[in-house]
Amino acid sequence: MMGLVQAKDLKKGMFLPMPSKVEASGERQCIDIGALLRQFSKEKKVCIVSTEAVKNLVSTVVGSGKCCKSAEDYGVHESYFYDVISRGCSVSFNVLDKVCARSNTGIDSLGEVSIVVYGGGTKGKTKAVKLPSAVDEVLAYIAGAVISDGHLSKASIDISCFEEGFREAVKSALISKFGNCETYYNGNRVYLCNLFVPYFFNKAFEIPFGKKSRTVAVPEIIFKSDSKAIASFVRGLFDGDGTCSSGLSYKTSSKELAEGLSYLLARLGIYCYLDNKGEQYKVTIPSIYEAKYSELIGFSNKFKAEKLKLLLGRKSETKSYINHGRAPAKPFLSLMKEAGISKNFIAKELGVSYNRMLYYDSLAKPFANRIAETIESKFKKESKFKMSQLAKLNYIKWLANNGYEYVKIKEAREYENTDKLNVYDVELEPCKFFIGGNKPMVLFDTIRKFTKEPWTPIKLMDFKTVSPEILAYIWILIENKSNILVIGGTGSGKTSFLNAIAFFIPPAARVVSIEDTRELNLRHENWLPAVSRAGAGSTTITGEKHGEVNLFDLLKESLRQRPDYIIVGEIRGKEAFVLFQGMSTGHPSFGTMHAESTSTVVKRLMMPPISLSPAMIEALDALCIITPAKVGGKEVRRISEIDEIVTVNERGDSVINVPFVRDPAKDTFMFKTSSKVFDKIMKRTGMPWKELLKEFEMRSKLLMEMYRRKIFGFAEVQDVIHEYYKMPDAVLKRFGLIK
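Going by my numbering, the first residue of the sequence shown is number 1375, and it counts up by one from there.
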C-alpha cells in the first residue's frame, strides 16, 4: 500500500509521483496604470488624450464655469481647462492625477486611456499609445513573444518575427493593445517606438532592458493569471523560440525561465521534464501530451503549426511513449504473487509476451489497467481473496488510472549545508530537477524566506517600516474589532506586517488563522491555525479532488468555531465573500491582498470571481498599503499610507480618508487627527474624543519607549502588550510614562 516515505529513506530505483497538473487557481490580473504613470512622469512629460470620460471628470471637479480660477490652483494657464473641456485638448497626467485625487477616483476608472509621451516617438516625433489595464490573452501573448524573441531598449520594443503567422500575430496584438506598431528589415521585425511601452513591460512584466537571455524569468503577474492568459503567454514563448521538428521543446539560457515554464505547463495539465546541458536548459513535452498542447496552446506561427500537425499524425509509437504515462510494476507483481496468480497466466489472458511481464520495472498505464481488471475478474470468479488483497487491488487500480507521472530516482544523497537542516539532492530520470519542501512534491522552486521568530511591531519600527503613531492607531482599531486589510505588491512584506499587527489582538480573544501555506506565527493561547490541503486522485462532480480542503471550506467552518478574530493569509477568490459576510456580522477580520492601491482593491472585490456589493466592501475599515522604497540607495519596505473606506458606489468609485501618509523626501510619516474609523469607534463605544485621543497618544509613547529600550524580542513584546490589556497603569508606570 502507498505510504509516506521520509526523504532520508529515498533510494535509487524507487518511483516518485509527479502530478501532471498543478491544481492552482488564477484570475485576471489588473495593472495599476496610475502608479506606473506617476513614477514615469517624474522623468518624462506625459499627456492623456482627451476622451468623454476625461472631459466629464475635469468638468465635474474643476467646474466648467470656473476654469480660470481652477487653473491657478493647478498651476496651469487660464484657458487650460477650457481647452480640455471644450476643445478636447490633451491634459497633462500630473494635472489629471490631481483631479482624480480630489474626486477620489483613479485613472483606471476612466476606461480606455491613451497617452502621448513627448520625445517618445520615431525620430523625436510624439506618438499616442493606448494603455492596457489588465493582463488578458493578447497582452500575455505579447509578453511571451518579447521574452522569447524580443528586445527592450529605453525607447522601443523590438520583436524578431521571421516566420509567417508569428509576424501577423505580433502585429495584430500590438495594434490591439497599444494602437500601432511598425515593421522593418523586410517586414521581419516588428517594433513600437514609444518611451513608455518598454518601461511598461519592464515594470509590469519584469522584462530586463538590453541583454536578457540569462536573467529573464516568467513574470510574477503571469503566475497569478488565469489559465487562458497563461496559455497565450506560453504560445508567445513557443512561437518565438520553441521547436517541434522531432518533438515539442523549448531551449533557454535562463534556468528561472525554464523552471517557470515547467510550472506554467503543469498548471495547464501538460507534464514536461527539464534537462540542462552546459549553459542551456531544455523543457521537453512528451509525445503523449502533444495533443493537449495543441488543444490548449497551439501555435500562431504557421511553420511550427504544420510541424505540430505532422507530430500528431505519426502512426507508430516512438521512444517517447516508453518513459511516460506509466505506473510502477512492483505493486502489481506483489499482489499477483500474494494471490498466487502467475505472470504466465496474466500474459496468456492479455495475449502478450511473457517477457513484457518479466523485464520492466514500470508498466504502461493502459496495460497496467488491463492487469488490474484481469486480477479483479479472477478474484470474482474464485471468490478466494482476503480483505487486505481487495484493498491492494483498489490501490493498483488507482495507480493505473490516476493523473500522476511516476519518475524513477536516479540518485539520492544528503546535501551538506550549514543550517543544521537535513537537505537532500534527488536526481530523477528523465527530470533533472526536484525540490523537496513541506509538501510531498513541489514542482516549482519558489521559496519564501521567513525568520524563525516573526518580526514584532517594535522591530518594524527599528526598520523604519512604520511609525509608533501608525501602530498605536492599528492597536486601537484591533482592540475595537475593526476590519483591516494589508495590501501591496509581490515581496513587499504584507504577511510579515500582518503577523506583526496580530500582536495587538487581546490575550483572551479566540483567533482563527487560515492560510494556504503556514506562515503566520502567533504567541496566543487561544489560536487555532488552519492550513488548506490539496486533494488526490480523480476530480469529483464539484470540480474538487478527494480530500481537498480549500480556503473557502476552512473559512466557512471557522465561523462555526465562534472566533473573536479571523486572519486570512491571502484573499484571492470566492473565500472573500464569506470573509466579508463575517465582517458584516461582527467577526473582525484581517488579511492580505495583492494590490497597489485602494481603488484596485475595490475593483477586484467587485469583479468576478469575488463579486462583492458596495455595501459589503464598506464593512472594511482600514487598508495598510506597504510598498518597496529606496532610502540611501538601499531597498527598504515602508507603509506608504493608511486608507479608511468611507463609501463605495455601484461603479466601484470609493471615497476614502487618509489619516497617515509617508513623506518620501524626508522618509517620515504625517498624521492628521481626523479619522473616520475613530468616529465609528466613538459612536459604537460612547468613548469621548479626548479620551480616545489620550489613549492613542499614550500607546504611541509606550511603543516609542519600548523601541528606545530595545525591546524587540517575540515573547517580550507580546508580554508587554498582553499586560497592558490587563493593567495599563502598571505598564505605563513601569515605563515611566505616568507617575
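Cβ atoms here follow ideal geometry from the backbone N, Cα and C, with glycine treated the same way.
What are the boundary residues of the beta strand (DSSP E) that Ile2013 is part of?
Lys2008 to Val2022
Range covered by the alpha helix (DSSP H) that runs through Ala1517:
Glu1511 to Asp1523
Please classify Pro1982: is it buried, with 16 or more other beta-carbons within 10 angstroms of its beta-carbon, or exposed?
exposed
Buried or exposed: where does Tyr1559 fall if 16 or more other Cβ atoms within 10 Å of its Cβ makes it buried?
exposed
Own chain residues within Cβ distance below 6 Å of Glu2097, not counting five before or after:
Val2105
Run through the DSSP bridge pairs and tell me what Glu1889 is partnered with.
Val1905
Taking the beta strand (DSSP E) that Gly1862 falls in, what are its first and last residues?
Ile1858 to Gly1862
Considering only residues of the same chain and omitting the five flanking positions on each side of Lys1497, which have a CB-CB separation below 8 Å?
Confidence at Lys1497 is low in this model, with a pLDDT of 46, below 50, so the placement of that residue is unreliable and no value is reported for it.
Would you call Asn1718 buried or exposed, if buried means 16 or more other Cβ atoms sit within 10 Å of its Cβ?
exposed
In or out: Ser1987 buried (at least 16 other Cβ within 10 Å) or exposed?
exposed
Is it buried or exposed, Gln1935, if we count other Cβ atoms within 10 angstroms and call 16 or more buried?
exposed
Identify, in the order they occur along the chain, each residue of the same chain with its Cβ nearer than 6 Å to the Cβ of Ala1746, setting aside the five sequence neighbours on each side.
Ile1770, Lys1771 and Ala1774
Determine, using beta-carbon pairs with one atom in the region 1594 to 1601 and one in the region 1406 to 1414, whether at least three such pairs fall under 8 Å.
no
Alpha helix (DSSP H) segment containing Ser2167, residue limits:
The chain is shown from 1375 up to 2113; residue 2167 falls before or after that span and cannot be answered.
In terms of alpha-carbon separation, which member of Ser1550, Asp1510, Cys1618 and Glu1417 lies closest to Lys1528?
Glu1417
Three or more C-beta pairs under 8 Å: does that hold for the region 1838 to 1855 against the region 2004 to 2019?
yes
Going by DSSP, which residues form a beta bridge with Ala1445?
According to DSSP, which records beta bridges pairwise, Ala1445 is partnered with nothing at all.
Tell me the DSSP secondary structure of His2096 in three-state form.
helix
Simplified DSSP state of Tyr2119, which is helix, strand or coil
Past the edges of the chain, shown from 1375 to 2113, lies residue 2119, and the structure says nothing about it.
Around the C-beta of Asp1383, are 16 or more other C-beta atoms found within 10 angstroms, so that it is buried, or is it exposed?
exposed
At least three beta-carbon pairs within less than 8 Å, the region 1620 to 1639 to the region 1535 to 1546
no
Ignore the nearest five residues each way along the sequence and tell me which others in Leu1929's own chain have a CB closer than 8 Å to its CB.
Ile1888, Ile1940, Val1942, Glu1949, Val1952, Leu1953 and Gly1956
By how many angstroms is the C-alpha of Ser2028 removed from the C-alpha of Thr1792?
Residue placement at Thr1792 cannot be trusted, given a pLDDT of 41 that sits under 50; what the coordinates show is reported in the next sentence. Their backbone Cα atoms lie some 51 Å apart in a straight line.
My output table needs one value for Ala1738: the three-state DSSP class, helix, strand or coil.
strand
Can you tell me which of Asn1650, Ala1578, Ile1659 and Lys1629 puts its alpha carbon nearest to the alpha carbon of Thr1617?
Ile1659
Mind reading off the beta-carbon distance from Val1503 to Ile1489? Whole number of angstroms is fine, and I expect it under 8 Å.
6 Å
Cβ neighbours of Gly1862 in the same chain (closer than 7 Å, five flanking residues each side left out):
Lys1868, Ile1999, Ile2000 and Thr2001
Thinking C-alpha only, which one of Gly1714, Asn1776, Glu1633 and Pro1705 is nearest Lys1766?
Pro1705
Can you have a look at Leu1390 and say buried or exposed, based on whether 16 or more other CB atoms are within 10 angstroms of its CB?
buried
Identify which residue in Ala1883, His1525 and Ile1595 has its Cα closest to the Cα of Lys1855.
Ala1883
Using a Cβ distance threshold of 8 Å, determine whether the region 2050 to 2067 contacts the region 1501 to 1518, with at least three qualifying pairs required.
no
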